[in-house]
Every structure is written in C-alpha cells, then in structure tokens.
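A.B. asks:
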Amino acid sequence: MSEVGFIGLGKMGLPMAGRLVDAGLRVRGYDPVDAARDAFAAAGGLAVDGAAAAAADVVVLMLPDSDVVDAVLFDGGVAAALPAGSLVIDMSSSAPLRTQDVARRLAERSIAFVDAPVSGGVSGAVAGTLTIMLGGDDPAVERATAVIGTLGAVRHVGPVGAGHALKALNNLLSATHLWATSEAILIGERFGLDAATMLDAINTSSGRSGSTQKKWPDFVLPGTFDSGFSLALMLKDMRIASDLAHRLNMPVELGDAAVQRWADAREGLPENADHTEIVRWLRGATSE
Ligand code: NAD
Numbered sequence: 162m163s164e165v166g167f168i169g170l171g172k173m174g175l176p177m178a179g180r181l182v183d184a185g186l187r188v189r190g191y192d193p194v195d196a197a198r199d200a201f202a203a204a205g206g207l208a209v210d211g212a213a214a215a216a217a218d219v220v221v222l223m224l225p226d227s228d229v230v231d232a233v234l235f236d237g238g239v240a241a242a243l244p245a246g247s248l249v250i251d252m253s254s255s256a257p258l259r260t261q262d263v264a265r266r267l268a269e270r271s272i273a274f275v276d277a278p279v280s281g282g283v284s285g286a287v288a289g290t291l292t293i294m295l296g297g298d299d300p301a302v303e304r305a306t307a308v309i310g311t312l313g314a315v316r317h318v319g320p321v322g323a324g325h326a327l328k329a330l331n332n333l334l335s336a337t338h339l340w341a342t343s344e345a346i347l348i349g350e351r352f353g354l355d356a357a358t359m360l361d362a363i364n365t366s367s368g369r370s371g372s373t374q375k376k377w378p379d380f381v382l383p384g385t386f387d388s389g390f391s392l393a394l395m396l397k398d399m400r401i402a403s404d405l406a407h408r409l410n411m412p413v414e415l416g417d418a419a420v421q422r423w424a425d426a427r428e429g430l431p432e433n434a435d436h437t438e439i440v441r442w443l444r445g446a447t448s449e
C-alpha cells in the first residue's frame, strides 16, 4: 500500500483526500483546523499534527493560493522533510509563474513537481468527477496520475505551470459569463420574465454555459448560494489570469472589467461569501 501526504483539508481537499483513502492509499493528512483533521480521521485517514509530518514519497497540496503553498513548502518544513526523488502535486489554483519558481526550488532538492488544479467544484470532488489539468514532464505526470487519477479525468496540458495557467483562464471565463448571465436574467426579470423560464430556453439556445446549466439552477434560483467555492477564491483566480495577460502584454479589457466588477461585489458582501452571491450584490446594486 503506497503512502501519500495530503495538506489542506478544506471544502475540496477533505473529499479528495477521502477518495484517496477509499482507493486504498494510506494518506497522512494535515490542516491547521482541528475540525478538518477530525473529519479526515473519521473518513479513515491518518490525521497528523503538522505539515512536515505529512511528508511522504508523494505529497498533494490543496491550499488557497501560491502564498500558502510557498509558506507550507519552504517555511513550514515540508520541502526539507521530503526525501530526494519524492513528488509534490500542487492541486491548488496557484499562480503559474510562481509555480514554475516552486518547481525550480524543489528540483534543486531533487524533488519532482506537477501542477494539477481542478475544475468541477465540491460536488465533483465528492463524486470523483473533477477535470484535472496537469502541468509537468511525462514521468512526473505518469507518477502523479497513478495517485490522483481516481479523483477525475486527467488532462496533461503542458509543462510545469500550464495547468495553473489554464485553470486561472478557465475561471476568468467562468466568472465573466456568470456575471453576464446574471445581468441578462435580472434585465429579463425587470421586463417581467420568469428566471426559470428564461434558463429553460437559454439552456437549449446559444447563450447557455455552466452558469445557466448549473450555477443559476442549483445555487441561485433555490436561494441557497452554497456552491462551496468562495467569492474570494474566484477573485484570486481572476487576478491570476489578468496578471498573466498583462505580463504577456496581451490586451484584456473585458477581463479587467470583470475583475473590477467582482472586486466591487467582494467589497459589498460578507468576507466568506460564496461566489454565486454576486447575484445578491447585483440585485442590490440594480434595485434603485
Ligand atoms: P478552503 O478554504 O475550503 O480550503 C483550504 C484549506 O487550506 C483550509 O482548510 C485551510 O485551513 C487550509 N490551510 C490554510 N493555510 C494552511 C496552511 N498553512 N497549512 C495547511 N493548510 C492550510 O478552500 P477550497 O475551496 O477547498 O479550495 C482549495 C483550492 O482549490 C483553492 O486554490 C481554490 O481556488 C481551488 N478550487 C476550489 C474549488 C471549490 O469549488 N471550492 C474548485 C476548484 C478549485
């Protein structure tokens, strides 16, 4: 039985680490939140009391962002605790240029690295139906796939950093069409149309997207706003994508406008708001 370390047992990490346990791996899991470690132990994992104690031949990270990834690996003692020849899999949605730097620093210690961010949300993490965007060289990707392949469909999209770049671009797109969809539905409602009726028609028409097919019907219409993906993390991903565009000297006017609108909504909503709550904010902003 192989042993794997898993650091970051949050909304995504907990069900993902649980699936690795169910797949027969021995998983050493760490999160600073006691309740997360308790839930992981209840799911059959071995909860350890520090990040460095999760060191194993393969370590998976599912952390908020590149700042935390850097801190855990290089200040938290994980890189120092890993043996030469081990593999780090960063499944967080991190910033691609910083990811390339992390990979270089780990390579100096003879530690392999792949970026493997995911799309599919908490429901995809629970069901093992995530899309996993892998960046890395072939041997590391093959080794990573053997460990995380049960979490969803693996797509090898390029060298180190490619997965994180693609994930940020996907979320810039997803956030932009959620905003555009929400504006369109609120306009229709003010005209007297019913939101569910609009969505039914749009979903067999050219305006459909993940926003019309999943986010509005599952989280907005019922008023639950419980997708499990925070507004703060979505905005983080959008900024990663727009920073990348600026560094590549690409014009990104629509993207920058979307980032600004989402930042405005973040200011006007509670700190821990779900990303689908932009609709609440839009309703308030358009109610006068
Ligand atoms: P989350 O905030 O629920 O989980 C992050 C976990 O990291 C928390 O449990 C937190 O305690 C832990 N953590 C923070 N600092 C730590 C440290 N120093 N050491 C160890 N653990 C630490 O976030 P999430 O929604 O699970 O997202 C995790 C990553 O996955 C993010 O990069 C996010 O952008 C991405 N993502 C999220 C979703 C989603 O639907 N929630 C979907 C796809 C990708």
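Everything in the sequence shown is counted per our numbering, starting at 162 for the first residue and increasing by one.
Idealized CB from N, CA, C, for every residue including glycine.
Check V221 in the structure and name its three-state DSSP category.
C.D. replies: The answer is strand: DSSP assigns V221 an E or B state.
A.B. asks: Do you know how far the Cα of R270 is from the Cα of V308?
C.D. replies: Cα to Cα, the separation comes out at about 22 Å.
A.B. asks: How about F386 and T342: do their beta carbons lie closer than 8 Å?
C.D. replies: No, the Cβ-Cβ distance between F386 and T342 is not below 8 Å.
A.B. asks: In chain order, what residues of the same chain lie with their CB nearer than 6 Å to the CB of A202, ignoring the 5 residues before and after it?
C.D. replies: Result list for A202: A208, in chain order.
A.B. asks: How far does the beta strand (DSSP E) with F274 in it extend, from its first residue to its last?
C.D. replies: F274 -> beta strand (DSSP E) spans A273 to D276.
A.B. asks: Please list the segments of the beta strand (DSSP E) lying wholly inside the segment 217 to 265, counting only runs of 3 or more residues, in order along the chain.
C.D. replies: List check, beta strand (DSSP E) in window: 219 to 222 and 248 to 251.
A.B. asks: Run through the DSSP bridge pairs and tell me what F167 is partnered with.
C.D. replies: Its beta-bridge partners are G190 and V221.
A.B. asks: Am I right that A273 and L248 are in contact with their C-beta atoms under 8 Å? What's the rounded C-beta distance?
C.D. replies: That pair is a contact at about 4 Å.
A.B. asks: Where does L382 fall in DSSP's three states?
C.D. replies: Three-state DSSP puts L382 in coil, outside helix and strand.
A.B. asks: Just the Cα atoms here: how many angstroms apart are D361 and S372?
C.D. replies: Roughly 12 Å between the two C-alpha positions.
A.B. asks: Run the CB neighbour count on V194, radius 10 Å, all protein chains shown included, and call it buried at 16 or more, exposed below.
C.D. replies: Classification of V194: exposed, given that the 10 Å Cβ count is below 16.
A.B. asks: Tell me which residue opens and which closes the beta strand (DSSP E) that R316 is part of.
C.D. replies: G313 to G319 is the extent of the beta strand (DSSP E) around R316.
A.B. asks: Return the residue from the list G296, R427, G310 and A419 that minimises the CA-CA distance to V321.
C.D. replies: Comparing Cα positions, the closest option is G296.
A.B. asks: Please go through the same chain and pick out, in chain order, the residues whose beta-carbon is closer than 6 Å to the beta-carbon of G368, but skip the five residues on each side of it.
C.D. replies: Closer than 6 Å at the Cβ level, and outside the excluded window around G368, lies no residue.
A.B. asks: Go to L360, then tell me how far its alpha helix (DSSP H) extends in each direction, as first and last residue.
C.D. replies: From DSSP, the alpha helix (DSSP H) with L360 extends over A356 to I363.
A.B. asks: With distances taken from CA atoms, which of D192, R351 and R265 is nearest G237?
C.D. replies: If we check each option's Cα against that of G237, D192 comes out closest.
A.B. asks: Which one of F390, G169, Q374 and L175 has the shortest CA to CA distance from V230?
C.D. replies: Checking every option, the nearest Cα to that of V230 belongs to G169.
A.B. asks: The beta strand (DSSP E) spanning M411 covers which residue range?
C.D. replies: Premise fails: M411 is in no beta strand (DSSP E) and is neither H nor E.
A.B. asks: Just confirm the distance between the C-beta atoms of L181 and A197, as a whole number of angstroms; I'd bet it's less than 8 Å.
C.D. replies: Not quite, the Cβ-Cβ distance comes to about 15 Å (not below 8 Å), so this is no contact.
A.B. asks: Return the first residue and the last residue of the alpha helix (DSSP H) that M177 is part of.
C.D. replies: Looking at the DSSP string, the run of the alpha helix (DSSP H) that includes M177 is G174 to D183.
A.B. asks: By alpha-carbon positions, which one of F390, L396 and A406 ends up nearest to A286?
C.D. replies: Among F390, L396 and A406, the Cα nearest to that of A286 is on F390.
A.B. asks: What are the boundary residues of the beta strand (DSSP E) that includes T292?
C.D. replies: Taken as a continuous stretch (DSSP letters only), the beta strand (DSSP E) holding T292 covers L291 to G296.
A.B. asks: Does N433 pass the burial test, meaning 16 or more other C-beta atoms within 10 Å, or should it be called exposed?
C.D. replies: Burial call: exposed.
A.B. asks: Can you say whether A260 is buried or exposed, counting buried as having 16 or more other CB atoms within 10 angstroms of its CB?
C.D. replies: In the sequence as displayed, the identity of residue 260 is Thr instead of Ala. Burial call: buried.
A.B. asks: R266: which of G206, S280 and A245 sits nearest, CA to CA?
C.D. replies: Measuring from the Cα of R266, the nearest candidate turns out to be A245.
A.B. asks: Would you check whether the ligand NAD has a heavy atom nearer than 7 Å to the C-beta of F390?
C.D. replies: Yes, Cβ of F390 sits closer than 7 Å to a heavy atom of the ligand NAD.
A.B. asks: For L330, does the three-state DSSP call read helix, strand or coil?
C.D. replies: Looking at L330 - three-state DSSP - the assignment turns out to be helix.
A.B. asks: For S280, which of helix, strand or coil comes out of DSSP?
C.D. replies: Strand, per DSSP.
A.B. asks: Cβ of V209 within 7 Å of any heavy atom in the ligand NAD?
C.D. replies: Not under cutoff, so the answer is no.
A.B. asks: Check this for me: beta carbons of V454 and M252, under 8 Å apart or not?
C.D. replies: Because the chain spans 162 through 449 in this model, residue 454 falls outside it and cannot be assessed.
A.B. asks: On the three-state DSSP scale, how would you describe D435?
C.D. replies: Of the three classes helix, strand and coil, the one that applies to D435 here is strand, per DSSP.
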